[in-house]
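Each remark here refers to the structure printed beneath this line.
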Amino acid sequence: MSVSAAAGAPPSLGSATELSLIVPTLDSYQLLPRLVTSLQRQSWPHWRVLFIDGPSGPEHRAWLDALCHRDQRFTWQPQDPDFPGIFGAMNQGFLATPLEHWLLFWGSDDWAAGPTVLEEALKATRSAAPGGAPPDLVVCRGRYAAAGQDGAIRLGRPTAFSSCATYRLSLFLGSTPPHQATLIGPGARRRVDPFAAPFRLSADLDYFLRLSAGADLSARGLDLELVHMGEAGVSGQQTRRRLQEVKLAYVRAFGWLWWIPFLLRYVRRLWSRLPSVGGERKGMGRDR
């Protein structure tokens, strides 16, 4: 597969921990400066970004080329037609990134919640004991954001996973790790295949459910607001198909009990939208 000439070979990260952010794009260069600036201001600078670009116009791709030329931590690839859709682009990033890298998946309208969040999150990727294994997942918190009537960005409801200490049970009870706030480690990447092709909108749920089948999976919860997320993402589109995919993911994981996590998932969604309750909940679990 061809790679942008501006991409070049990525520089050494200068750290034992390698972190790659995969960002699908499609004519979204007007949104990207906020994401880019939030990363360039990080106290831990040894990250890299791979944009997987759909069939964007020349203005968008010229913007990507210029960015990658200025800062070689950014690279981009055109999206392969064999990997359609947003999760196809994310899968392309999965396969293009060395197995030893931690992965973080953001959208064009996401950005780091503060200048030290990557440094804080990466501390949690280390083993809890000398000589021990690092966790497979590090699950942080995120917060949705949207423009108000005056055009100013306002932070909205938070999103978090209920408990990493009981990872599969939490999934069964309708909680899901927010993929934009979840660092996927080399251990998780070796356990299961990337996002499954039948899923266009809920492949992240299916992925986390498949990971939960491993009894020795190590998921570490971190009480850190890692990312601010735009409200206009793919998760808010095609409601009927999304519901069908959510049901399929739960059927594959829990069989005839699928309806329990399905119902609880949407009870949690409604609960989180109550301003006096959902807006104050953080609910992160501890290590497992």
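Numbering (the working numbering), first residue to last: -7 to 280.
Note that beta-carbon positions come from the ideal geometry of N, C-alpha and C, so glycine has one too.
- Proline 73 is classed as exposed because its beta carbon has fewer than 16 other beta carbons within 10 Å across all chains shown.
- The C-beta separation of glycine 134 from methionine 221 comes to about 5 Å, placing the pair in contact by the 8 Å criterion.
- In this chain, the beta strand (DSSP E) harbouring histidine 220 covers 211 to 222.
- Around the beta carbon of tryptophan 248, fewer than 16 other beta carbons lie within 10 angstroms, which makes this residue exposed.
- Per DSSP, the continuous alpha helix (DSSP H) segment holding proline 25 begins and ends at 24 to 32.
- By the criterion of a C-beta distance shorter than 7 Å, alanine 88 is surrounded in its chain by Leu42 and Gln69, once the five residues flanking it on both sides are discounted.
- Nearest to arginine 244 by alpha-carbon distance, out of Ala195, Gly148, Gln230 and Asp208, is Ala195.
- Tryptophan 263 and arginine 149 have their C-alpha atoms spaced approximately 11 Å apart.
- Inclusion of alanine 157 and isoleucine 145 in the CB contact set at 8 Å is not warranted, their separation being larger than that value.
- For arginine 260, the uninterrupted alpha helix (DSSP H) segment begins and ends at 251 to 264.
- Burial state of tryptophan 39 is buried, judged by a 10 Å Cβ sphere holding 16 or more other Cβ atoms.
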